[in-house]
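Let me begin by presenting the structure, written as structure tokens, before commenting on it.
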Amino acid sequence: MAIKIVVDLVRETGATILFLLVVIRTVARHGVSMSQVVDQIYVIGFRSLPTTIMAGSFVGAIMAIQINLQLRDFGAQAFLGGLATSVTIRNVGPVLIAFMLSGKVGAYTSAELGTMRVTEQIDAIRCLGTDPIQYIIAPRMIGVVVSSFLLLIIGLMVGIGGGMAVSEYHLGISAQNYIQNIPRLVSWSSVATGIVKSFVFGVLIGAIACYKGYSASEGAAGVGRCVKRTAVETLVSIIVADFAISSVSAFWHELAFS
Amino acid sequence: MIEFKNVIKQFGEKQVLRGISFTINEGEIVFVIGKSGIGKSVILKHIIGLMRPDSGEVWVEGQELSHFSERQLLAIRKRVGMVFQYPALLDSLTIFDNIAFGIRAMTPEKAEGLVHQAVKEKLGLLNLHSDVLARFPSELSYGMQKRVSLARTLVLNPSCLLFDEPTTGLDPVNTNTVNDLILRLSRALKVTSVVVSHDMHCALQIADRILLLDQGVVVADGTPADMVYSENQLAAQFMREAKEKIYGNQDRR
Numbered sequence: 511m512a513i514k515i516v517v518d519l520v521r522e523t524g525a526t527i528l529f530l531l532v533v534i535r536t537v538a539r540h541g542v543s544m545s546q547v548v549d550q551i552y553v554i555g556f557r558s559l560p561t562t563i564m565a566g567s568f569v570g571a572i573m574a575i576q577i578n579l580q581l582r583d584f585g586a587q588a589f590l591g592g593l594a595t596s597v598t599i600r601n602v603g604p605v606l607i608a609f610m611l612s613g614k615v616g617a618y619t620s621a622e623l624g625t626m627r628v629t630e631q632i633d634a635i636r637c638l639g640t641d642p643i644q645y646i647i648a649p650r651m652i653g654v655v656v657s658s659f660l661l662l663i664i665g666l667m668v669g670i671g672g673g674m675a676v677s678e679y680h681l682g683i684s685a686q687n688y689i690q691n692i693p694r695l696v697s698w699s700s701v702a703t704g705i706v707k708s709f710v711f712g713v714l715i716g717a718i719a720c721y722k723g724y725s726a727s728e729g730a731a732g733v734g735r736c737v738k739r740t741a742v743e744t745l746v747s748i749i750v751a752d753f754a755i756s757s758v759s760a761f762w763h764e765l766a767f768s
Numbered sequence: 563m564i565e566f567k568n569v570i571k572q573f574g575e576k577q578v579l580r581g582i583s584f585t586i587n588e589g590e591i592v593f594v595i596g597k598s599g600i601g602k603s604v605i606l607k608h609i610i611g612l613m614r615p616d617s618g619e620v621w622v623e624g625q626e627l628s629h630f631s632e633r634q635l636l637a638i639r640k641r642v643g644m645v646f647q648y649p650a651l652l653d654s655l656t657i658f659d660n661i662a663f664g665i666r667a668m669t670p671e672k673a674e675g676l677v678h679q680a681v682k683e684k685l686g687l688l689n690l691h692s693d694v695l696a697r698f699p700s701e702l703s704y705g706m707q708k709r710v711s712l713a714r715t716l717v718l719n720p721s722c723l724l725f726d727e728p729t730t731g732l733d734p735v736n737t738n739t740v741n742d743l744i745l746r747l748s749r750a751l752k753v754t755s756v757v758v759s760h761d762m763h764c765a766l767q768i769a770d771r772i773l774l775l776d777q778g779v780v781v782a783d784g785t786p787a788d789m790v791y792s793e794n795q796l797a798a799q800f801m802r803e804a805k806e807k808i809y810g811n812q813d814r815r
């Protein structure tokens, strides 16, 4: 049983990576319709903006409240803005917002592609002389990656605002004090880590959602299964990628300051 | 001409085609019948290169397809069209863009005026008015979507047509329209038609030949009359109801 799970995991991971490479090769060789990419960014990204803004502001607010509890005991609330922003940008923000996007963007994309697969739309496109990877998958994958990346960045920026707002109106720390220590405590490496994580999470959501949808089979039940797998695999892969990037980032940080 | 030589196809543990062999001649209308899940649609998908055999050979118009690349298959797909079991229309495109999709992809040099003309001509063949052209698939009934999908395939003027249950979901009037169309294309333009269907009434009316599939091989192959009077028990079961409708009176005489 355990062996089968490991074999399945390795096979699915390999298949997703190969699928991603096929999409990259197709785009490199034949290009992609920019109008379709813009359409996808609108459909996937723009419509997810309100949810992302809400999630981002709450993530920032939660961080500020939690960190304030620790700092208050040491009388170090002056550092709240810097610490909350650093934690939000480096780790908690990208992960939580990516979780939300995997549920919204990932599930939407895999369900849409899965339905196209089981209703033979993808086969029909092939029969009509068009490569479905170029016509259907590439614009969606680029749309998902770009949208997720932009939404994560927007979510993180809003998160800082959320932390600041809750500090001002709930914790009694003025916005000026909150901002004051941000440049001191938030290093460029924190910003870079947040940006790298946002990009990697966007790629993971796009690749897994598109692959699962494209390889769906067996009718409505098959679409249900592909959406479930997309949700589970994106969440797990985001956690694993977060661990990997955090480890590399910490190692690099130690190296730079040793 | 289409020829299958000892084609084997397996999905997981299940072997769907077990060394199947048959030939379909130019201009023939051949119905492929058999129980559900027996591999009828799989045969169509092999003919158009959507699937490749695990072993054996699939010949279409003198070319063996098993090792063709997608680019090589493009030339085959210009001449072989497929009408799917589902309408398989693209939701984000209008009906016009759906029908014009193949012609634009395969003959990009064709002037837009000629594309319009071809689309309207095929629409008329299928009893569809041109006011549907600006609408989206979700605004049409299932039967209309089916006919649009047929128009989308016909617009390329293929020399061979593959139909996967073309009349499912159609009313009797439009079922007759589709059957007449298949017959007309075959007789007037020598278009080869391979039809997967459970509609034995249609099969007996328009088929030149019927292939009966069971256990992954062809168990009966003959004209509609051969099938009606076949001693094969499965063929008899399939033909019983349609036989009474079409041949009932003659039998009593």
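Sequences listed follow chains A and B, in order. Residues in the first sequence are numbered from 511 upward in steps of one, following this note's numbering. Residues in the second sequence are numbered from 563 upward in steps of one, following this note's numbering. Quick reminder that beta carbons are idealized off the backbone N, C-alpha and C, glycines included.
I need the boundaries of the alpha helix (DSSP H) containing residue i, first residue and last residue.
i: residue 519 of chain A; result: 512-540
i: residue 634 of chain B; result: 632-641
i: residue 754 of chain B; result: From DSSP, residue 754 of chain B is part of no alpha helix (DSSP H) but of the beta strand (DSSP E) over 754-758.
i: residue 583 of chain A; result: 559-584
i: residue 791 of chain B; result: It is not in any alpha helix (DSSP H) - residue 791 of chain B carries neither H nor E in the DSSP assignment.
i: residue 549 of chain A; result: 544-550
When the Cα atoms are used, what is the spatial distance from residue i to residue j?
i: residue 732 of chain A; j: residue 571 of chain B; result: 21 Å
i: residue 681 of chain B; j: residue 693 of chain B; result: 12 Å
i: residue 612 of chain B; j: residue 633 of chain A; result: 7 Å
i: residue 514 of chain A; j: residue 727 of chain A; result: 21 Å
i: residue 638 of chain A; j: residue 727 of chain B; result: 19 Å
i: residue 767 of chain A; j: residue 707 of chain A; result: 22 Å
i: residue 722 of chain A; j: residue 555 of chain A; result: 20 Å
i: residue 533 of chain A; j: residue 641 of chain A; result: 11 Å
i: residue 581 of chain B; j: residue 607 of chain A; result: 53 Å
i: residue 697 of chain B; j: residue 626 of chain A; result: 19 Å
i: residue 689 of chain A; j: residue 681 of chain A; result: 14 Å
i: residue 559 of chain A; j: residue 550 of chain A; result: 14 Å
i: residue 658 of chain B; j: residue 749 of chain B; result: 28 Å
i: residue 518 of chain A; j: residue 718 of chain A; result: 15 Å
i: residue 684 of chain A; j: residue 574 of chain A; result: 13 Å
i: residue 634 of chain B; j: residue 626 of chain B; result: 11 Å
i: residue 608 of chain B; j: residue 599 of chain B; result: 16 Å
i: residue 778 of chain B; j: residue 795 of chain B; result: 17 Å
i: residue 703 of chain A; j: residue 610 of chain A; result: 19 Å
i: residue 604 of chain B; j: residue 575 of chain B; result: 16 Å
i: residue 800 of chain B; j: residue 521 of chain A; result: 43 Å
Under 9 Å between beta-carbons, which chain A residues line up against residue i? List them in chain order, please.
i: residue 680 of chain B; result: By Cβ distance, chain A contributes nothing, its closest Cβ being about 14 Å from residue 680 of chain B, past 9 Å.
i: residue 667 of chain B; result: 635, 638, 639, 640 and 645
Would DSSP call residue i helix, strand or coil?
i: residue 778 of chain B; result: coil
i: residue 653 of chain B; result: coil
i: residue 743 of chain A; result: helix
i: residue 593 of chain A; result: helix
i: residue 666 of chain A; result: helix
i: residue 656 of chain A; result: helix
i: residue 678 of chain A; result: helix
i: residue 718 of chain B; result: coil
i: residue 599 of chain B; result: coil
i: residue 752 of chain A; result: helix
i: residue 627 of chain B; result: coil
i: residue 696 of chain A; result: coil
i: residue 772 of chain B; result: strand
In the DSSP assignment, find the unbroken beta strand (DSSP E) run with residue i in it and report its ends.
i: residue 568 of chain B; result: 564-573
i: residue 619 of chain B; result: 617-622
i: residue 581 of chain B; result: 576-586
i: residue 724 of chain B; result: 722-726
i: residue 615 of chain A; result: Careful: residue 615 of chain A lies outside any beta strand (DSSP E) and carries neither H nor E.
i: residue 694 of chain B; result: It is not in any beta strand (DSSP E) - residue 694 of chain B carries neither H nor E in the DSSP assignment.
i: residue 595 of chain B; result: 591-596
If the cut is a Cβ gap below 8 Å, which residues of chain B does residue i touch?
i: residue 571 of chain A; result: The contacting residues do not exist; residue 571 of chain A stays about 38 Å from chain B at best.
i: residue 630 of chain A; result: 646, 647, 648 and 650
Going along chain A, which residues have a C-beta under 8 Å from residue i?
i: residue 704 of chain B; result: Going along chain A, no residue has its Cβ under 8 Å from residue 704 of chain B, so there is no contact; the nearest lies around 12 Å.
Taking Cβ-Cβ distances shorter than 7 Å, what residues in chain A pair up with residue i?
i: residue 664 of chain B; result: 638 and 639
At 7 Å on the CB atoms, spell out the chain B contacts of residue i, in chain order.
i: residue 583 of chain A; result: Result: empty, since nearest Cβ-Cβ is about 57 Å, beyond 7 Å.
i: residue 634 of chain A; result: 646 and 650
Can you tell me whether residue i sits near the ligand FAD, meaning its C-beta is under 7 Å from at least one heavy atom of the ligand?
i: residue 727 of chain B; result: Absent from the structure shown: the ligand FAD. Ligands present: none.
Near-chain A residues of the stretch 633-653 of chain B - C-beta to any C-beta below 9 Å = Cβ contacts with chain A: 635, 636, 639, 640, 642, 643, 644, 646, 647, 648, 649, 650, 651, 652 and 653.
Residues of the stretch 607-627 of chain B with a CB closer than 7 Å to any CB of chain A: list them in chain order, please.
-> 610 and 612
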